[in-house]
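The numbering of the sequence shown is this note's numbering, which starts it at 5 and goes up by one.
Data first, discussion second: the structure below is written as structure tokens.
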Amino acid sequence: MALRIYQPTDQATGPKVLIDTGKGFLFSATAIRAASLAEVHWIRLYPDDDDRVIVFEPVPGVDKPLYGLKLGQSSRGSRRLTGKGIINQTPWIRAVSMLPDTADRKFDLKPYHGPLPEVAGCGQNRTAWYIRLMPAFEETIAVAEIRALSSNVKGTYRYLGGDDGREVVYIGKGRIKDRYRQETVRTN
Numbered sequence: 005m006a007l008r009i010y011q012p013t014d015q016a017t018g019p020k021v022l023i024d025t026g027k028g029f030l031f032s033a034t035a036i037r038a039a040s041l042a043e044v045h046w047i048r049l050y051p052d053d054d055d056r057v058i059v060f061e062p063v064p065g066v067d068k069p070l071y072g073l074k075l076g077q078s079s080r081g082s083r084r085l086t087g088k089g090i091i092n093q094t095p096w097i098r099a100v101s102m103l104p105d106t107a108d109r110k111f112d113l114k115p116y117h118g119p120l121p122e123v124a125g126c127g128q129n130r131t132a133w134y135i136r137l138m139p140a141f142e143e144t145i146a147v148a149e150i151r152a153l154s155s156n157v158k159g160t161y162r163y164l165g166g167d168d169g170r171e172v173v174y175i176g177k178g179r180i181k182d183r184y185r186q187e188t189v190r191t192n
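In structure tokens form, the structure reads like this:
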């Protein structure tokens, strides 16, 4: 019998936020730990229509802050930001929230280092986190690295071409290694 390594899903995948039309924004256990959300009661939400980014700013204290949304706890112990209003009023967030596959509605939660809108009574040392709903292709890998990838690795990719090799020919989604092999067959 072969031994298998067990890794809890939330630790293997990192901090995640799931967007759901009926439930709002659900934070994984890893996200709760990473963003220290266990004791937070309020979060400010800043959607960026141009970059398809949603910034979450945890607000300390128990009193309702200006523009704050209540961060609740589900019966299963996870943290949930209802935010149904912002989901329903923002077409690009609503479109994602209605996707049938849960994996397509789950996004990496990362520390945010950009500017935050000024809010009365808030100091300079504010921390925030964000999710990006549109691929930004901030991670790249060399062709040699593609060959070393597991066949199960999925992602969003883009093919570059043109005279300078920087023109986006098309963007796709799927198993990276398989798609690379298909492209190699097409060009030979």
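Backbone N, C-alpha and C fix where the C-beta goes; we use that ideal spot for every residue, glycine too.
Residue i to residue j span [Cα, whole Å]
i	j	result
residue 91	residue 22	12 Å
residue 179	residue 150	11 Å
residue 176	residue 162	6 Å
residue 41	residue 145	33 Å
residue 183	residue 167	22 Å
residue 71	residue 37	24 Å
residue 156	residue 114	24 Å
residue 185	residue 148	12 Å
Boundaries (first-last residue) of the alpha helix (DSSP H) holding residue i
i	result
residue 160	From DSSP, residue 160 is part of no alpha helix (DSSP H) but of the beta strand (DSSP E) over 158 to 165.
residue 89	88 to 93
residue 42	Taken as a continuous stretch (DSSP letters only), residue 42 belongs to no alpha helix (DSSP H), as it is neither H nor E.
residue 148	147 to 152
Contact check, residue i vs residue j, beta carbons under 8 Å
i	j	result
residue 109	residue 24	yes
residue 174	residue 60	no
Those residues which DSSP pairs with residue i across a bridge
i	result
residue 54	According to DSSP, residue 54 bridges with nothing at all.
residue 64	DSSP output for residue 64 lists no bridge partner at all.
Spatial neighbours of residue i in its chain, beta-carbon cut-off 7 Å, leaving aside the 5 residues before and after
i	result
residue 88	28
Cβ neighbours of residue i in the same chain (closer than 6 Å, five flanking residues each side left out)
i	result
residue 78	84
residue 159	180
Residue i - containing beta strand (DSSP E), residue span
i	result
residue 171	171 to 179
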